[in-house]
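**Q**
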Amino acid sequence: MKKPKKTEEPAPGLFGAAVSPAALPQKKAKSVFSFSYSKLALYEECPLKYKFKYVDRIKEEPKTYFSFGHSIHHALEFLYAVKAPPFPAAGSVLEEFKRDWNLKSYLEKGYRDPAKADEDYQKGIEMLSAYYRHHDGRFKLPFLLEYVTDVEVDGLLVRIIADKIEYLGHGELALVDYKTGKDVKRQPDQLHMYQKICELDPRLCERVHEVYGDSVPALRVKQMLYYHVPTLKEYAFDRAEDAEISVFWERALGVAENIRGRRFDPAPGERQCAWCDYKKLCPHYYGGENSRPSQSPEGDVVGELADRYGRLREKIDGLNAQLDEVKARLVSISPAPGVLAGKEYELELRRAEKWEFKDREAVIGVLNEFNLYQKALGLTVKNIVALLSDPAVPEAAREKLLRHAEKSGVFDINLRKKE
Ligand code: SF4
0 MKKPKKTEEP
10 APGLFGAAVS
20 PAALPQKKAK
30 SVFSFSYSKL
40 ALYEECPLKY
50 KFKYVDRIKE
60 EPKTYFSFGH
70 SIHHALEFLY
80 AVKAPPFPAA
90 GSVLEEFKRD
100 WNLKSYLEKG
110 YRDPAKADED
120 YQKGIEMLSA
130 YYRHHDGRFK
140 LPFLLEYVTD
150 VEVDGLLVRI
160 IADKIEYLGH
170 GELALVDYKT
180 GKDVKRQPDQ
190 LHMYQKICEL
200 DPRLCERVHE
210 VYGDSVPALR
220 VKQMLYYHVP
230 TLKEYAFDRA
240 EDAEISVFWE
250 RALGVAENIR
260 GRRFDPAPGE
270 RQCAWCDYKK
280 LCPHYYGGEN
290 SRPSQSPEGD
300 VVGELADRYG
310 RLREKIDGLN
320 AQLDEVKARL
330 VSISPAPGVL
340 AGKEYELELR
350 RAEKWEFKDR
360 EAVIGVLNEF
370 NLYQKALGLT
380 VKNIVALLSD
390 PAVPEAAREK
400 LLRHAEKSGV
410 FDINLRKKE
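So the sequence shown is residues 0 to 418, counted in numbering that gives the first Met the number 0.
(1) May I have the straight-line CA-CA distance separating H208 from K97, to the nearest angstrom?
(2) Looking at the unbroken beta strand (DSSP E) that takes in A173, where does it start and where does it end?
(3) Tell me the DSSP secondary structure of H227 in three-state form.
(4) Please report how far the alpha carbon of R270 lies from the alpha carbon of P201, in whole angstroms.
(5) Taking DSSP's pairing of strands, which residues face V409 in a bridge?
(6) Using the DSSP secondary-structure output, state which residues sit across from E436 in a beta bridge.
(7) Write down the C-beta distance between V150 and I196 rounded to the nearest angstrom, noting that I regard them as a contact closer than 8 Å.
(8) Taking all protein chains shown into account, do 16 or more other C-beta atoms lie within 10 angstroms of the C-beta of G302, making it buried, or fewer, making it exposed?
(9) Please classify Q189: does DSSP put it in a helix, a strand, or coil?
(10) For F65, which beta-bridge partners are listed by DSSP?
(11) Straight-line CA distance for V338 to V330?
(12) Alpha carbon to alpha carbon, how far is L102 from E240? Give it in angstroms, no decimals.
(13) Under 8 Å, do K416 and Y344 count as touching if we go by C-beta distance?
(14) Taking the straight line between their C-alpha atoms, what separation do you get for R137 and P85?
(15) Taking 7 Å as the cut-off, is the beta-carbon of K278 closer than that to any non-hydrogen atom of the ligand SF4?
(16) DSSP beta-bridge partners for E345?
(17) Can you list the beta strand (DSSP E) stretches of 3 or more residues lying completely in the region 199-264, in chain order?
(18) Look at I122 and A116 and say whether their C-beta atoms are less than 8 Å apart.
(19) Determine, using beta carbons only, whether Y42 and L144 come nearer to each other than 8 Å.
(20) Just to confirm the assignment, what range does the alpha helix (DSSP H) spanning S33 have?
(21) Relative to the C-alpha of V183, which residue among Y234, Y284, E360, F67 is closest?
(22) Following the continuous beta strand (DSSP E) through Y146, name the residue where it begins and the one where it ends.
(23) If I follow the unbroken beta strand (DSSP E) through Y166, where does it start and stop?
(24) Below 8 Å between beta carbons: does that hold for H403 and F356?
(25) Can you tell me where the alpha helix (DSSP H) with G364 in it begins and where it stops?
(26) Measuring only from the beta carbon, is L41 closer than 7 Å to any heavy atom that is part of the ligand SF4?
(27) In this structure, what does DSSP give as the bridge partners for F356?
(28) Please name the residue in K342, A340, F67, P334 whose C-alpha comes closest to that of A351.
(29) Starting from I383, trace the alpha helix (DSSP H) in both directions and tell me its first and last residue.
(30) Measuring only the C-alpha atoms, how far is K406 from L318?
(31) What whole-angstrom Cβ distance do D198 and A217 have, given they're in contact under 8 Å?
(32) Does the Cβ of Q194 have 16 or more other Cβ atoms within 10 Å, making it buried, or fewer, making it exposed?
(33) Should V92 be labelled buried (16 or more other beta-carbon atoms within 10 Å of its own) or exposed?
(34) What is the DSSP secondary structure of E107, counted as helix, strand or coil?
As structure tokens, then:
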């Protein structure tokens, strides 16, 4: 394999920050659907969860393992992002880890306890020190770091972010993915997606030519490697067969089709609901015993109670419809506040306000913009109206919410039975 040629380009940056402008993905027409492995995995876990995250754009809680992984990735990228050796000293790598770690408070990183955050910080320092010692003197310049690309295929604009790509010569690549969690699970879908997209990506061929001078008509991913930083172990996987890729891709296209068709049926289950940030909003949350059908010997009693509950609800709905009708007639005959008396009951008619927010997406947008979603505790009219009178809510947020509100006057009725 040829040595990398010197280039005037900046070193590739974390999350693509310093990828050369020519290599940056071009903006695509709106009809092309942006897709990724994360979207595929989330939809398959629970389509409704996908909707909360990607359609309604409701932010998830910060996760400690993401923050930790991000800072470790950042330090490793700093280590390898040199144009030529020498590589940075161990102290500088640890300093860079510390700098990135301190960009956010422990709460912003998802910790509830500052002591736990400190513990993880120390773990990160030890992990990186061990990595450095293990590889010291054997550091190699990678072909690409944190390579971000968007490739259009079958009407999808598929994004991948590869932690590290090595060029093996003769048009062959090795992809490296750093793992920082407790264990390494082979995720064939992720590997399949990376293999397919890298081999279709014309920019990668251009980069190989620029850096190594090799003119190859196409690239082949020869190997994919998970590097488990906590244990310094490598887990290598050979390229998948074409047939395997094709089965996977049919599945991915099916998921994309469902998303485009706005099919977001919930898929509640113990595992997915337990880790779901949208429990509070989700009427289908699998909340343990209460949401499971009874398998006990009292099953018949439970079934009977369920039917009785249903029948009562039906009656209540019917009575509510009658109440609405009588109220409307009363208000049309006596359209001013006051007391209306019958032989048995007295009704006090009072004016009240009725609020409506018709553009749900716009309200979600305002809540997200001002980080008010958690404060609102759900998308009910009552909760949103409460925000309007909350002194802690910024004036700008209040004004924006009011733009989407419709307020009308209605009558409330207070009822009293005569003595
Ligand atoms: S709580 Fe469960 S069913 Fe509801 S969105 Fe989350 S994972 Fe899906």
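The C-beta atom is built at its ideal place from N, Cα and C for all residues, glycine as well.
**A** If we stick to the structure as given:
(1) Looking up residue 208 in the sequence shown gives position 209. Looking up residue 97 in the sequence shown gives position 98. Their backbone Cα atoms lie some 36 Å apart in a straight line.
(2) Looking up residue 173 in the sequence shown gives position 174. First-last of the beta strand (DSSP E) with A173: 171-178.
(3) For the purposes of this step, residue 227 is identified with residue 228 of the sequence shown, where counting begins at 1. Strand at H227.
(4) Along the sequence shown, one-based indexing puts residue 270 at 271. Along the sequence shown, one-based indexing puts residue 201 at 202. The alpha-carbon atoms of R270 and P201 are separated by roughly 39 Å.
(5) Within the sequence shown, residue 409 is the residue found at index 410, counting from 1. Beta-bridge pairing links V409 to A351.
(6) Shown here, the chain extends from 0 to 418; a query on residue 436 therefore has no answer.
(7) Stepping through the sequence shown from its first residue, residue 150 is reached at position 151. Stepping through the sequence shown from its first residue, residue 196 is reached at position 197. About 5 Å; that satisfies the 8 Å criterion.
(8) In the sequence shown, the residue the question calls residue 302 occupies position 303. Classification for G302: exposed.
(9) Residue numbering aside, residue 189 sits at position 190 when the sequence shown is read from its first letter. Correct three-state label for Q189: helix.
(10) Taking the first residue of the sequence shown as position 1, residue 65 is located at position 66. The partner list for F65 (beta bridge, DSSP) is empty, contrary to what the question assumes.
(11) Here residue 338 is taken as the residue at index 339 of the sequence shown, counted from 1. Here residue 330 is taken as the residue at index 331 of the sequence shown, counted from 1. Their Cα atoms are separated by approximately 12 Å.
(12) Working through the sequence shown from its first residue, we reach residue 240 at position 241. Working through the sequence shown from its first residue, we reach residue 102 at position 103. The alpha-carbon atoms of E240 and L102 are separated by roughly 43 Å.
(13) Taking the first residue of the sequence shown as 1, we reach residue 416 at position 417. Taking the first residue of the sequence shown as 1, we reach residue 344 at position 345. Contact: yes.
(14) Walking along the sequence shown from the start, residue 137 turns up at place 138. Walking along the sequence shown from the start, residue 85 turns up at place 86. Taking the straight line from one Cα to the other gives about 11 Å.
(15) Here the question's residue 278 lines up with position 279 in the sequence shown. Under cutoff, so the answer is yes.
(16) By one-based count along the sequence shown, residue 345 stands at place 346. According to DSSP, E345 bridges with A340, R415.
(17) 219-227, 232-237
(18) On the sequence shown, position 123 is the one that residue 122 refers to. On the sequence shown, position 117 is the one that residue 116 refers to. It should be noted that the sequence gives Lys, not Ile, for residue 122. The answer is no: Cβ separation not under 8 Å.
(19) Working through the sequence shown from its first residue, we reach residue 42 at position 43. Working through the sequence shown from its first residue, we reach residue 144 at position 145. No, Cβ-Cβ distance for Y42 and L144 is not below 8 Å.
(20) Translated into positions along the sequence shown, residue 33 becomes position 34. S33 -> not in any alpha helix (DSSP H); beta strand (DSSP E) instead, spanning 32-35.
(21) Residue mapping note: residue 183 aligns to position 184 of the sequence shown, counting from 1. Among Y234, Y284, E360, F67, the Cα nearest to that of V183 is on Y234.
(22) Counted from its first residue, the sequence shown places residue 146 at position 147. Its beta strand (DSSP E) spans residues 143-152.
(23) Here residue 166 refers to the residue found at position 167 of the sequence shown. Where Y166 is concerned, the enclosing beta strand (DSSP E) stretches over 155-168.
(24) As a working mapping, residue 403 is identified with position 404 in the sequence shown. As a working mapping, residue 356 is identified with position 357 in the sequence shown. Yes, they are a contact pair.
(25) Locating residue 364 in the sequence shown gives position 365, counting from the first residue. G364 -> alpha helix (DSSP H) spans 359-368.
(26) For this step, residue 41 is matched to residue 42 along the sequence shown. L41 Cβ: outside cutoff for every heavy atom of the ligand SF4.
(27) The residue labelled residue 356 in the question sits at position 357 within the sequence shown. DSSP output for F356 lists A404 as bridge partner(s).
(28) Counting from 1 along the sequence shown, the entry for residue 351 is found at position 352. When each option's Cα is compared against that of A351, the closest is P334.
(29) For the purposes of this step, residue 383 is taken as residue 384 along the sequence shown, with counting starting at 1. It spans 380-387 - the alpha helix (DSSP H) in which I383 sits, taken as one unbroken run.
(30) Position 407 of the sequence shown, counting from 1, holds the residue named residue 406. Position 319 of the sequence shown, counting from 1, holds the residue named residue 318. For K406 and L318, the distance between alpha carbons rounds to 27 Å.
(31) For the purposes of this step, residue 198 is identified with residue 199 of the sequence shown, where counting begins at 1. For the purposes of this step, residue 217 is identified with residue 218 of the sequence shown, where counting begins at 1. The question names Asp, but residue 198 is Glu in the sequence shown. Right, the Cβ-Cβ distance comes to about 7 Å (below 8 Å), so this counts as a contact.
(32) Here residue 194 corresponds to residue number 195 of the sequence shown, with the count starting at 1. Buried is the call here.
(33) Within the sequence shown, numbered from 1, the residue matching residue 92 stands at position 93. Result: buried.
(34) As a working mapping, residue 107 is identified with position 108 in the sequence shown. Residue state, collapsed to three classes: coil.
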